[in-house]
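A.B. asks: For the sequence shown, our numbering gives the first residue as 957, with consecutive numbering after it. My questions will all concern the structure given below.
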Amino acid sequence: MNDSVAVRVWDLPTRVFHVLLAVLVTAAIVTAEVGGDWMAWHLRCGEAVLSLLAFRWAWGLAGGRWSRFTNFLPTPSRLARALRGRASADERIGHNALGALSVWAFLLLLTLQVATGLVADDDVDTTGPLNAHVGARLVKRASHWHAGWGADLILALIALHVLAIAWYAWRKREPLLRAMWSGDKPLPPATPASRDDAASRGLALALWLAAVAGVWAMLRWVG
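Spelled out as structure tokens, the structure:
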């Protein structure tokens, strides 16, 4: 766009969240595959992911404009317009409808995966930190999901995510990774930007520290 300017779409807390989540989920997958003594690190990765997810659920309410859940709800009408190639300009600024569907799937599935991991038992030598507080029937179901369908669906979502990014970069010439790294996209000057100043970053830090403290307290006093 000849008359476009760099507009802040992804605030710094959202970008940091994405990077840390990718690193921690990858580490959790690798340590689970290696097994043995590495399962202790698998549990630590899961606990760190839990604190990140708690932060993101809060940031979806208090974060920058395009990071808020209200701005990327994958409603039926939005999905229909996206599939027909008729999405409005506003609907293409942050997550489009299909991208929003992927984000919600990730958040919900990872939350379920962490929750089941907290009580799971691998029948070898690793149990979740809250395993002793639930019944045997729930432990069995949670363990089956965590090591089975839950893990497989996460791997499938990761593969789809990578393919979608590659497709957008190749066919539509949209460098999604660059925008996520810098936070900016070339857009019309009147496009509203996400707030990303010292105050909002301070709020994000406070929310993340609260999430970390909450997870630590739950594992320390309940586990």
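Note that CB positions come from ideal geometry on N, CA and C, so glycine has one too.
The beta strand (DSSP E) spanning Leu1057 covers which residue range?
C.D. replies: Careful: Leu1057 lies outside any beta strand (DSSP E), inside the alpha helix (DSSP H) at 1053 to 1075.
A.B. asks: Give me whichever residues DSSP pairs with Ala962 in a beta bridge.
C.D. replies: Paired residues: Pro1142.
A.B. asks: Considering only DSSP beta bridges, list what Thr1083 is partnered with.
C.D. replies: Beta-bridge pairing links Thr1083 to Asp1077.
A.B. asks: Would Ser1150 be called buried (16 or more neighbouring beta carbons within 10 Å of its own) or exposed?
C.D. replies: It is buried - the Cβ of Ser1150 has at least 16 other Cβ atoms within 10 Å.
A.B. asks: For Phe1028, which residues in the same chain have their Cβ closer than 6 Å to its Cβ, ignoring the five residues on either side in sequence?
C.D. replies: Around Phe1028: Gly1050, His1051, Ala1056.
A.B. asks: Taking only three categories from DSSP, how would you classify Ala1149?
C.D. replies: Residue state, collapsed to three classes: coil.
A.B. asks: Kindly confirm or deny that the region 1101 to 1108 and the region 1139 to 1156 touch, where touching means at least three C-beta pairs closer than 8 Å.
C.D. replies: Verdict: no, contact absent.
A.B. asks: Among the residues of its own chain, which have a CB less than 6 Å from the CB of Val1168, if the five just before and after it don't count?
C.D. replies: These residues qualify, in order along the chain: Ser1007.
A.B. asks: Using a 10 Å radius around the Cβ and a threshold of 16 neighbouring Cβ atoms, would you call Ser1033 buried or exposed?
C.D. replies: Exposed, by the Cβ-count rule.
A.B. asks: Thinking C-beta only, is Ala984 closer than 8 Å to His974?
C.D. replies: In this structure, Ala984 does not lie closer than 8 Å to His974 by Cβ.
A.B. asks: Label Ser960 either buried or exposed according to how many other C-beta atoms from any shown protein chain fall within 10 Å of its C-beta, with 16 as the threshold for buried.
C.D. replies: Exposed, by the Cβ-count rule.
A.B. asks: Using 8 Å as the cut-off, can you tell me whether the region 1012 to 1024 makes contact with the region 961 to 972, which would need three or more C-beta pairs spanning the two stretches below that distance?
C.D. replies: These segments touch.
A.B. asks: Put Trp1164 into one of helix, strand or coil per three-state DSSP.
C.D. replies: Reduced to three states, the DSSP call for Trp1164 is helix.
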